[in-house]
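Asks:
Spelled out as structure tokens, the structure:
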């Protein structure tokens, strides 16, 4: 058995999904917590700040996961093809 970890495409995708799931849980939890604090302090215990901030956390996690799986969507990046490199 080798001591090196296999870096097959299945492992890479699995690691990306794991990071996305962890990011989703953390950002959703932070959004929920901020929503609870705002709800209790600022708007007399209404539920809309909790839903709004939880949605913001989920949206931020989705955007980060999307960038992880499709790096071409990052603004300011340029995809250079093999033929352009040789010139």
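In our numbering, the protein residues as written are 949 to 1035. C-beta: ideal position from N, C-alpha, C; glycine also. Computed from a predicted structure; not experimentally measured.
Assuming the contact rule is C-beta atoms closer than 8 Å, residue 995 and residue 987 should be a hit. Round their C-beta distance to whole Å, please.
Replies: Residue 995 to residue 987, Cβ: 7 Å. Contact.
Asks: What are the boundary residues of the alpha helix (DSSP H) that residue 1001 is part of?
Replies: Note, residue 1001: alpha helix (DSSP H), 996-1017.
Asks: By how many angstroms is the C-alpha of residue 1006 removed from the C-alpha of residue 959?
Replies: C-alpha separation (whole angstroms): 25 Å.
Asks: Under a Cβ-count criterion, where at least 16 other Cβ atoms within 10 Å of its own Cβ denotes burial, should residue 997 be classed as buried or exposed?
Replies: Flag for residue 997 reads buried.
Asks: Report yes if the CB atom of residue 1027 is closer than 8 Å to the CB atom of residue 1020, and no otherwise.
Replies: Yes, Cβ-Cβ distance for residue 1027 and residue 1020 is below 8 Å.
Asks: Output needed for residue 983: all residues of its chain with C-beta closer than 8 Å, excluding positions within five of it in sequence on either side, in chain order.
Replies: Same-chain partners within the cutoff: 997, 998, 999, 1000, 1001 and 1002.
Asks: According to DSSP, is residue 990 part of a helix, a strand, or is it coil?
Replies: Correct three-state label for residue 990: coil.
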